Each structure stands twice: as C-alpha cells, then as structure tokens.
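Residue numbers (the working numbering), protein chains in the order written: chain A, 3 to 194; chain B, 51 to 722.
The C-beta atom is built at its ideal place from N, Cα and C for all residues, glycine as well.
This structure is a prediction, so every number in the text was calculated from the model and none was measured.
Working notes, structure below.
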Amino acid sequence: MSENDYLNPFNFFKSLNSWRLLFTLLLPIASFHVQAESVEYRIKAAFMEKITRFINWSALSSVQNDKIPFRLCVLGENPFGGELRNMASISHIKEKVTELVFLDNVNMNSRCDMLFIAQSKQHDLKSVLEQLSASPVLTVGDSPDFVNQGVMINFIYTDNRIQLEINTHTAQLAKFKISSRLLKLASTVKTQ
Amino acid sequence: MIRQKNNPRLLSFLLFGSLFFHLLSASAEEATLATMIGMSLEELLDMPVITASKTPQRLRESAGTVRVITAEQIRHRGYLTLEDLFSDLPGFQFRNIQGFNSYVFLRGAPNQNNLILLMVDGVEINELNSGGFYGGGQFNLENIKRVEVVYGPSSTLYGTNAMSGVINIITRDVDDEDAQQTRVSVASGNFDTQLTDFRSAHYDNERQFGYSLSGRYFSSEKADLAGAEGDNNWTEQMENFEDDISLDGKIRYVNFDFGLVFQNKKASRTTNFKTIDSNSLDRDTLWHIRFLNLWGKHDYLFSDQLSLKSKVYFQDATVNNDTVAFIQTMNDNSNCTTGPEGCQLGFYRPNKSWGIEEQLNYQPNTNLQLVFGLVYERDDLSSSFSRAYSSSITEPPPKPNEPEHLDNRHAGAYMQAEYRLNEEFIMTLGLRRDDSDIYGKADTPRFVLLYNQKALTWKLVYSEAFRAPRRWDLTFGTGNPALKPEDMKSLETSIGYQFNKHFNSELALYHNHISNKLIIDDIANRWVNQGGLNTQGAEIVFNYVTDQLSAYLNYTYTDSEDENGTRTTEIAQNTLNIGTTLAVNQHTRINLRANYLGSKQNPDVITTTGSDIIDSAFVFHTTLDYDNYYGWDFQLIVRNLLDEEYYHSSNRPPDRYRQPQRNWLVKAAYTF
Numbered sequence: 003m004s005e006n007d008y009l010n011p012f013n014f015f016k017s018l019n020s021w022r023l024l025f026t027l028l029l030p031i032a033s034f035h036v037q038a039e040s041v042e043y044r045i046k047a048a049f050m051e052k053i054t055r056f057i058n059w060s061a062l063s064s065v066q067n068d069k070i071p072f073r074l075c076v077l078g079e080n081p082f083g084g085e086l087r088n089m090a091s092i093s094h095i096k097e098k099v100t101e102l103v104f105l106d107n108v109n110m111n112s113r114c115d116m117l118f119i120a121q122s123k124q125h126d127l128k129s130v131l132e133q134l135s136a137s138p139v140l141t142v143g144d145s146p147d148f149v150n151q152g153v154m155i156n157f158i159y160t161d162n163r164i165q166l167e168i169n170t171h172t173a174q175l176a177k178f179k180i181s182s183r184l185l186k187l188a189s190t191v192k193t194q
Numbered sequence: 051m052i053r054q055k056n057n058p059r060l061l062s063f064l065l066f067g068s069l070f071f072h073l074l075s076a077s078a079e080e081a082t083l084a085t086m087i088g089m090s091l092e093e094l095l096d097m098p099v100i101t102a103s104k105t106p107q108r109l110r111e112s113a114g115t116v117r118v119i120t121a122e123q124i125r126h127r128g129y130l131t132l133e134d135l136f137s138d139l140p141g142f143q144f145r146n147i148q149g150f151n152s153y154v155f156l157r158g159a160p161n162q163n164n165l166i167l168l169m170v171d172g173v174e175i176n177e178l179n180s181g182g183f184y185g186g187g188q189f190n191l192e193n194i195k196r197v198e199v200v201y202g203p204s205s206t207l208y209g210t211n212a213m214s215g216v217i218n219i220i221t222r223d224v225d226d227e228d229a230q231q232t233r234v235s236v237a238s239g240n241f242d243t244q245l246t247d248f249r250s251a252h253y254d255n256e257r258q259f260g261y262s263l264s265g266r267y268f269s270s271e272k273a274d275l276a277g278a279e280g281d282n283n284w285t286e287q288m289e290n291f292e293d294d295i296s297l298d299g300k301i302r303y304v305n306f307d308f309g310l311v312f313q314n315k316k317a318s319r320t321t322n323f324k325t326i327d328s329n330s331l332d333r334d335t336l337w338h339i340r341f342l343n344l345w346g347k348h349d350y351l352f353s354d355q356l357s358l359k360s361k362v363y364f365q366d367a368t369v370n371n372d373t374v375a376f377i378q379t380m381n382d383n384s385n386c387t388t389g390p391e392g393c394q395l396g397f398y399r400p401n402k403s404w405g406i407e408e409q410l411n412y413q414p415n416t417n418l419q420l421v422f423g424l425v426y427e428r429d430d431l432s433s434s435f436s437r438a439y440s441s442s443i444t445e446p447p448p449k450p451n452e453p454e455h456l457d458n459r460h461a462g463a464y465m466q467a468e469y470r471l472n473e474e475f476i477m478t479l480g481l482r483r484d485d486s487d488i489y490g491k492a493d494t495p496r497f498v499l500l501y502n503q504k505a506l507t508w509k510l511v512y513s514e515a516f517r518a519p520r521r522w523d524l525t526f527g528t529g530n531p532a533l534k535p536e537d538m539k540s541l542e543t544s545i546g547y548q549f550n551k552h553f554n555s556e557l558a559l560y561h562n563h564i565s566n567k568l569i570i571d572d573i574a575n576r577w578v579n580q581g582g583l584n585t586q587g588a589e590i591v592f593n594y595v596t597d598q599l600s601a602y603l604n605y606t607y608t609d610s611e612d613e614n615g616t617r618t619t620e621i622a623q624n625t626l627n628i629g630t631t632l633a634v635n636q637h638t639r640i641n642l643r644a645n646y647l648g649s650k651q652n653p654d655v656i657t658t659t660g661s662d663i664i665d666s667a668f669v670f671h672t673t674l675d676y677d678n679y680y681g682w683d684f685q686l687i688v689r690n691l692l693d694e695e696y697y698h699s700s701n702r703p704p705d706r707y708r709q710p711q712r713n714w715l716v717k718a719a720y721t722f
C-alpha cells in the first residue's frame, strides 16, 4: 500500500478476493433462518437430567430396580417441544433407559419416577399432589408459587437466568434425599 | 506491497463448504442440549436465557466494560496462545516479536505488557521486575473456564499496572461438573509445533475435598523468518524456538482453596536483535524464565450480610542462571570482557514476592453493598541482572553469581460502595490508597453511574489508575530515585442494547490521558517522568447467537497521540474482527474468523520498504471440530489461511516483525 493509503486504510477492502472471503464468512449469518426452539426449555431439559444426579430415590422406588426404565412423565401441555425427547434419547438417567410419557391426568397406575407438572395444570395442582401424596415421584414444575404449594423442584425465571426452588418438606415425606450441593445452589429452599 | 495469495479454488471451496454446512445444520439441536447436559449445575444456573453469551449480562451488571471469552469459544476458535485469545476482542493491538515475548496494547497505549494487569484466578501473574506479563505459549488454555477482560483503569481495586485493563483468567474449579473427568490431547503442526495437554479433577462431596491438576507442553518454531522471509534480518541458519511447560492445580477442603500455577518458558532470543550486519549470533541463545505462583484463599461467612475473603500469595519469577541472553561474534569491548573471538553472555535474575489481602464484604441492606480491602506485599528483588561471560561464541557462560537483593514493601487500602438509587440506576464509588517505599503514595478514585432498563444499559465511568516505577527503574543507568508513578485519568461511556433473543450490540467511547510517562532518557541514561499520551476511541460490538450459529463483528477506532499532538507509533486507527461458528450437526463445528489490522506508523523507517508505515492486513483463520467420536475429539486449526504476508511494528533493532505464514495444527483429544 502507498503512504496515502495510510489515510484511508479501508482501501484494502477493495481487493476482490478479500470481499469474496468476507462474503463466505457472512453467508451463514445472512442466510440463516432459525426456527429457534426456546433456549429456556432446552436449559430446563438439561436441568431435568442434571438434578437427578443429586437426588436419591427411596428404597421402595422402582428407580432402584435396574431392569425397569426410568419413567419421566409430563402432565399437561408439553412446553418442551422436542427437548425432553432429545434429552431422553441422549441421557441415561440413573444409568437407565429413559422412558418419556405424556399424561393428561395422573392416577395410581401412572408409575412415574419424575413428573413435570405443566402450567396448564396449575389449577389442578392440589388434587394432583394429593393423588401422589408421599409416593416416590419427584415432582417438578416451572410455575410461580408451585414450590409453596408442594412441588419438590420448581424452575423460576429471574434476571435472565433459570433458578431452582426446592421444597425439602414434601421431598422428605416421599423419602427423597437431596444433596447438600443442590440445596446450596437453590435460590429458595422451603423446609415446611 | 502486501502479497496477495488468495487462492480462487480455496475460496470456492469455502463458499460451497459454507453452504453445505448451512444445509446440514438443521440437525444441530442435540449437540447444544448435549453440551448443556455436560455443563455443571453452576454453569446451567449462570446460563442466560436470552443469549448464549455471558457478555450482555455482565455488561449490565459490571461497573465498567467487561468482555468475556468462554472455554467453548477458546476451543472452537482454536486459540493456542494468550495473544490469539485477545486478537478477536475490540481494542487490542499487538507487537509480536515472534521470540521470547510478545506485547499486547489495549486502547491505544503501546507498552511492555505493563499497562495491563494479568491474573490467574485473581492472583497477579505480571513479572516482578518489569511489572509486565509474558506473552507466548506457556498459558494452559485447556483448563480455562473463562477469561474476563475489564477495559479501562481499575487501580481502585487492583493497584498498580491496572491502567489499560485487567485480565482475569479463571480456571476450572475442582467441583465443576465438566472438570470431573480426565482429558488428554496431543497436537502437531507445521513449524515443528507440538502441543500436549491434560486436565483431571475429582471432588468428593461427602468429604468436601477435591483436587485438580492440569498441564501443557508447547513447542514451536513459530514462523519462517530466515533470510528474505524475515526482511534479511537473520541468516538462513537462524534458530527461533519456544519450549514451554506449565502446570496448574487446585486443592479444596471445605472452604479453603489452595492453588498453584507453574510456568517454565524457554525461548530463543534471536528476534530481539538483527544478526546480519551485526555482532550477534542468531543461534544458541536461550531465554529461560520460570514462574511459580502459590496461593491460598478462605471465605468466611459471618452472616448473609457480612463475609470476609482472605488471600495469601507467593510468586517466584526468575530468569534462570542457564540463560544465554546474547552471543557476540567478536570482541568490540562493549560486552565481552575476555577473548578475542566473542563470547556468550549469561543472565540470572531471581525475584520473589509474597502478599496478603483481606476483603470484607458488607451488605447492610438490599440497596447498598460495601467492599473494604487491605493489602500488604513484600518483594525480594534482584537489583539488576547478574552477568557472566564465556570467552568464545561456542562456550556457554559460567553460572552468574547471586545478584544483590532489594527489599520492597507495599501496603494498600481500598473501599467501594455500590448503591442502588432506584430500579434503574446504580452508582458505584471507589477509592484506593497505595503506599510504597519505592514511589510513596498513590490515590486512585473511581465513579460509575449505571442505568439499566429492560434491554438497554448505559454506563458512565470516571476512573484513575497508576503504573508504579519498579525498584529496578530507580537504579537503572545513572539512577533516578525521584521517579513517580505514571498516572492515567479516564472517562468512558458505553451503551448496550439487546435487540432480541439473538442479537445484541454495544458501543463504548473513551478518552484516556496518561501523564508523567515513564520513559528512558537516552542522554541522561536513566528513567524519567516525561510527557504524556492522549487516547480516545470507539469500540462497537455486534453479537448474534442462536443454538446452531454464533457470530460477532467488532470495530475499533483508536486515536492516540502525545501531548504535542503527534500520532503515537505502533497504533493503528482502525481494526476490525469478524467471525462465525456453525454447529453443523451433533459432532461437527466449523469456525471462520478474520482480523483486519489497519495500517500504522512504525517507530523507525523500514529499510526494506523505505517507509515508516506498517501496511494494513486482513488475516483469516479457520477451525474444524469433530467431537464425541467414542470419546475422541478431533480438531484442525489453520491460522493465516490465505498466507497473508503481514508485519507488526518494532521498537527493537529489527525494523519490523514478520508474522507467521499459513500454519496448521491437527489435534486429537480423548476424554476418560
């Protein structure tokens, strides 16, 4: 470059080859139409797998039987899209095959090891929890006040992050043992 | 003239390759979920919902401009050295001498790496005699969790050297979920580059005990600088190597943490001098410097409102006594004391330092957060290099004697108050006083006003900082015991906006004034405080992040001149960085990135060109990853993809420094 180019450094961009490479660089950005699935529920799906590593089910639970798949149930409208199915296909919760089940209602025959209660069922929450009372089903939700109403693990959205609320009282009634590390990371721990 | 070597076939390949990857990318979702499942709980909790980049959140919360490089970015962009890592950030420029050191300039202030404070896990790494850190391959990038770059003065919290910025390298913790595995990798490339690294960690939740250990071996001849390739500064037989070994480890027991960072760097000193038409030899030199940092930390929680963080630290930064700093091919009475056929000159410079810091954090109510800190440090430094000479160019020098030691003491006290005025405004006030037996007292205030509303963040920052003269500077040459610290005053404003879930942008404008600059007066042969530097600039950043694609573009305008209005040499007015990483499927990622380095003035006229201008350059790099193949990860890194011939400026005898030609590295890693 000549000394004059010092005053106009972007003359370099006039080079055709550099433009071509720049175009190549920008192509994926310009042409990328993303039908983005919610990152929020992808993170929650990852949490669903992750928290099981820090929770021990009671000795009476089918989780202790290696021959029976881990049964993950979703009650109500599934907010996860395909994320839970993806999670189930690439993860072995409690080192077992994960079976994903979608339910409209819950009863004694549902046989869930972990139950995600969707927001669409928040008006039925009390009866759902009564049906499950003290059975070894880890209840999970993502609705305001769920943890106060008895859901064991609740995801809340605060300050652009997903945070955990834990109800140790209902978890203990169902003989769950929750790791101190998980409790330490929770934003709220309800003990009564 | 810049040599144009763009290859049409290569460009076409990249063009169609990019299209191909785009078409395939629809199946990339599982990879992202798999990545999340591989994260620790802490990382998941820290993961922003709006964007995969942590930067916007930190931008909103931090009292200044902070930019973050994550472990994932380090890996997928194929960074090999610390300089690589900074090269895609706005505001950074470089003088890489391709030898025993390289130099990083942030926001328009050339220096010897002593205007930036470099820390690993909050412990200072800057070398003790010069106050500057060493660039190069000795930093173990494999074990880095993230790197936080704080732009602008931060002496209010960190004391001396935190002028242009503070860089904190945060390594994986012993209980990080993704650290609970052992990973080993080996890599090989052209220019005889070899790299091996490993990391392993274990944490026992019941015993609350854990440890981690990580290490790296890096060896490279970096570039072809022989003969005409290196401006005919060196012969065809020139030698230019770097061999580094580094280790870092941590132990945690309950709430005590202990850490170690060890770096052993051996490098040729050839590029420090010209050897053609000079009395120096471009082979057999050795710069051998060793760093050992040990630290212990303890956090004590008195209550939800009150906590005490304690830190003790020790640093050994020694130029080893097998160093051959220079080989003189004839006795011209300047260096060699004996022998008519030249000599080898040996250096030795041991330095030690230890310190203690107590930081009290008090939150009397939800709107006010107070930080109080006390620091005490004691240095045991060499008064100068201890030297020894051999009597020929082939005979190594004897071990130099122990040099005279100097004892320095330094104390500092700081406080910072962060007050939330209402839902939108946060005000931060800080003040620090340092007291040293070298330079006396230095006071550094700081004021930040921060406005947050939904997607918008605005900041106004006024801060001061200083660079203290080192003990060595006072006695250099004829000596100057009256040296004062170099001061910086800085005013900065920035605005950030999150347009939607995927796209955010940020603009930072700053004006810095450095006074009492520390420079060497060649006539008086001593350090003096003289002159100043005014820098002002703008940094604009765009980030676009989706699950499959991340892309960035940042442009920096820098106007740097001395107190007489003369443009600062070695600083380009315009730099631009652009890059994209595409997750093609659950196994494959491709990264393509580019750095535009505007033209700049060299300190001296370049003999080869007859001009004092370092030409602009556009340099492309690419990385291809294939991960999770039965525990194996594979990577191809190609730097300077188009084999651009480009140079960095020089403040040494070589007129300018040729940067590496196209270089590649193939890496294989196995996770147990």
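For chain A, check one thing: does any of its Cβ atoms lie closer than 8 angstroms to the Cβ of residue i?
| i | result |
| --- | --- |
| Leu-91/B | yes |
| Ile-175/B | no |
| Ala-121/B | no |
| Asp-96/B | yes |
| Asp-597/B | yes |
| Leu-351/B | no |
| Gln-711/B | no |
Grab the span of the beta strand (DSSP E) containing residue i for me, first residue to last.
| i | result |
| --- | --- |
| Arg-302/B | 292-303 |
| Glu-256/B | Segment: none, Glu-256/B is in no beta strand (DSSP E) and carries neither H nor E. |
| Ser-122/A | Run containing Ser-122/A: none; DSSP gives neither H nor E here. |
Report, in whole angstroms, the separation of the C-beta atoms of residue i and residue j, which I expect to be a contact under 8 angstroms.
| i | j | result |
| --- | --- | --- |
| Asn-193/B | Arg-249/B | 5 angstroms |
| Tyr-605/B | Gln-623/B | Not a contact, Cβ separation roughly 11 angstroms. |
Could you spell out the range, first to last residue, of the alpha helix (DSSP H) harbouring residue i?
| i | result |
| --- | --- |
| Val-126/B | Reading the sequence as shown, one finds His at residue 126/B and not Val. Start and end: 121-126. |
| Trp-522/B | 521-525 |
| Ile-53/A | 41-53 |
| Met-465/B | Not the alpha helix (DSSP H): Met-465/B falls in the beta strand (DSSP E), residues 455-470. |
| Ile-92/A | 85-92 |
Is the CB of residue i under 8 angstroms away from at least one CB in chain B?
| i | result |
| --- | --- |
| Ala-48/A | yes |
| Arg-44/A | yes |
| Leu-74/A | no |
| Ser-60/A | no |
| Val-41/A | yes |
| Ile-164/A | yes |
Take residue i and list the residues in its own chain whose beta-carbon comes closer than 7 angstroms to its own, dropping the five residues that flank it on each side.
| i | result |
| --- | --- |
| Gly-152/A | Leu-131, Asn-169 and Thr-172 |
| Leu-691/B | Phe-670, His-671, Thr-672 and Arg-712 |
| Tyr-547/B | Ala-505, Leu-506, Asn-554 and Ser-555 |
Going along the chain, which residues of its own chain have a beta-carbon closer than 8 angstroms to the beta-carbon of residue i, five neighbours each way excluded?
| i | result |
| --- | --- |
| Arg-44/A | Glu-85 |
| Gly-299/B | Tyr-261, Ser-262, Leu-263, Ser-264, Gly-309 and Leu-310 |
Suppose the cutoff is 6 angstroms on Cβ atoms and the five residues either side in sequence are ignored; what does the same chain contact list for residue i look like?
| i | result |
| --- | --- |
| Ser-610/B | Gly-158, Thr-585, Thr-618 and Ile-621 |
| Ser-296/B | Gln-188, Asn-190, Arg-266 and Gln-313 |
| Ser-406/B | First, the amino acid is wrong: residue 406/B is Ile here, not Ser. Val-362 and Tyr-426, listed in sequence order. |
| Trp-522/B | Asn-179 |
| Lys-177/A | Ser-60 |
| Ile-569/B | Gln-580 |
| Ile-628/B | Leu-603 and Ala-644 |
Exercise for the section: Say whether the segment 242-258 of chain B touches the segment 571-590 of chain B, bearing in mind that this needs 3 or more beta-carbon pairs closer than 8 angstroms, one atom from each stretch. Expected result: As far as the Cβ criterion goes, the segment 242-258 of chain B does not touch the segment 571-590 of chain B, which means the pair count is below three.
Exercise for the section: Could you tell me whether the segment 117-128 of chain A touches the segment 163-181 of chain A, using the rule of 3 or more Cβ pairs below 8 angstroms? Expected result: With a cut-off of 8 angstroms, the segment 163-181 of chain A and the segment 117-128 of chain A do not count as touching, because too few Cβ pairs lie within range.
Problem - Meets three-Cβ-pair contact criterion under 8 angstroms: the segment 251-263 of chain B and the segment 298-307 of chain B - result: When Cβ pairs closer than 8 angstroms are counted between the two stretches, the segment 251-263 of chain B is seen to touch the segment 298-307 of chain B, the count reaching three or more.
Practice task
Examine the Cβ distances between the segment 408-415 of chain B and the segment 338-346 of chain B and report whether three or more of them are shorter than 8 angstroms.
Solution key: The segment 408-415 of chain B is not in contact with the segment 338-346 of chain B.
Practice task
Spell out a yes or no on whether the segment 431-442 of chain B and the segment 462-471 of chain B are touching, meaning 3 or more CB-CB pairs, one atom from each, closer than 8 angstroms.
Solution key: Segments in contact, no.
Exercise for the section: Take every Cβ of the segment 113-128 of chain B, pair it with every Cβ of the segment 153-169 of chain B, and state whether three or more of those distances are shorter than 8 angstroms. Expected result: These segments do not touch.
Practice task
Could you tell me whether the segment 674-685 of chain B touches the segment 197-213 of chain B, using the rule of 3 or more Cβ pairs below 8 angstroms?
Solution key: With the cut-off at 8 angstroms, the segment 674-685 of chain B and the segment 197-213 of chain B do not touch.
Exercise for the section: Evaluate the contact criterion for the segment 271-289 of chain B versus the segment 222-236 of chain B: three or more CB pairs, one atom per stretch, below 8 angstroms. Expected result: Flag = no, the segment 271-289 of chain B and the segment 222-236 of chain B do not touch.
Practice task
Answer yes if the segment 161-171 of chain B comes into contact with the segment 270-283 of chain B, meaning at least three C-beta pairs across the two stretches below 8 angstroms, and no otherwise.
Solution key: As far as the Cβ criterion goes, the segment 270-283 of chain B does not touch the segment 161-171 of chain B, which means the pair count is below three.
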